[in-house]
């Protein structure tokens, strides 16, 4: 009997994933810090500031997602991180569209950092896929191991965001 809590939770005992939860605060803090940084730099540097913040966040969430996916294929000890990672990833994608696509031009008119049509498609598709995996996994009965495996696909998609840091870095170089 563990000293604290009910002990380890297996994949078959996990509750349904929430789209918005405590981890949704992370992307909000990121947008706030991005807005503060962008307001403090010259217009010419706004694109580098946004890209650097987004790159760091994507690499962190993507790397953690990759670790959870790798562990999920073994013991599933890190299953509890699926919910926060999905909330972080989905929140980041949604708020990145709002900030980079709408608010940045108002904050720093004349900046060079724009969401091109292909990036709009990428963000909308990623958000749609993430929401679909969460809602579909929950519809399967959220606490079943099949549903958790389905939601784990969302984590796999987040893990692919690790590679998003490379194009951002190369475009800034």
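In this note's numbering, the protein residues as written are 9 to 181.
Ideal placement from N, C-alpha and C gives every residue a C-beta, glycine not left out.
Predicted model only: the values in this text are computed from it and were never measured.
field: Exposed unless 16 or more other CB atoms sit within 10 angstroms - verdict on residue 58
entry: As a first step, residue 58 must be located in the chain shown, where it is residue number 50. Under this definition residue 58 is a buried residue.
query: Looking only at its own chain, which residues have a Cβ that is under 8 Å from the Cβ of residue 28, when we skip the five neighbours before and after it?
result: Here residue 28 refers to the residue found at position 20 of the chain shown. For residue 28, where only same-chain residues beyond five positions count, the Cβ hits under 8 Å are 95, 99.
task: Please confirm whether residue 116 and residue 41 have their CB atoms less than 9 Å apart.
output: Here residue 116 is taken as the residue at index 108 of the chain shown, counted from 1. Here residue 41 is taken as the residue at index 33 of the chain shown, counted from 1. No, these two residues do not count as a Cβ contact at 9 Å.
query: What are the start and end residues of the alpha helix (DSSP H) that includes residue 141?
result: Numbered from 1 along the chain shown, position 133 holds the residue referred to as residue 141. Segment 125-147, the alpha helix (DSSP H) holding residue 141.
DSSP state of residue 122 mapped onto helix, strand, coil: In the chain shown, residue 122 corresponds to position 114, counting from 1. Three-state DSSP puts residue 122 in coil, outside helix and strand.
query: In whole angstroms, what is the alpha-carbon distance linking residue 70 and residue 113?
result: Indexing the chain shown from 1 puts residue 70 at position 62. Indexing the chain shown from 1 puts residue 113 at position 105. Cα to Cα, the separation comes out at about 27 Å.
query: DSSP on residue 91, reduced to helix/strand/coil?
result: The residue you call residue 91 lines up with position 83 of the chain shown. Helix at residue 91.
field: Whole-angstrom C-beta distance between residue 55 and residue 119, which should lie under 8 Å
entry: Locating residue 119 in the chain shown gives position 111, where the first residue counts as 1. Locating residue 55 in the chain shown gives position 47, where the first residue counts as 1. Right, the Cβ-Cβ distance comes to about 6 Å (below 8 Å), so this counts as a contact.
- prompt: Who are the Cβ neighbours of residue 35 in its own chain at under 7 Å, not counting the five residues just before and after it?
  reply: As a first step, residue 35 is located in the chain shown; it is residue number 27 there, counting from the start. So the list reads 96, 99, 100, 103, once near-sequence residues are dropped.
field: Residue range of the unbroken alpha helix (DSSP H) whose run includes residue 113
entry: Counted from its first residue, the chain shown places residue 113 at position 105. Taken as a continuous stretch (DSSP letters only), the alpha helix (DSSP H) holding residue 113 covers 112-115.
- prompt: Taking all protein chains shown into account, do 16 or more other C-beta atoms lie within 10 angstroms of the C-beta of residue 77, making it buried, or fewer, making it exposed?
  reply: The residue labelled residue 77 in the question sits at position 69 within the chain shown. Looking at its Cβ environment, which holds 16 or more other Cβ atoms inside 10 Å, residue 77 is buried.
- prompt: If you run the structure through DSSP and keep just helix, strand and coil, what is residue 50?
  reply: Numbered from 1 along the chain shown, position 42 holds the residue referred to as residue 50. Of the three classes helix, strand and coil, the one that applies to residue 50 here is coil, per DSSP.
- prompt: Leaving out the 5 sequence neighbours to the left and right, which residues in its chain are closer than 7 Å to residue 108 when beta-carbon positions are compared?
  reply: Indexing the chain shown from 1 puts residue 108 at position 100. Only 58, 121, 123 meet the Cβ criterion.
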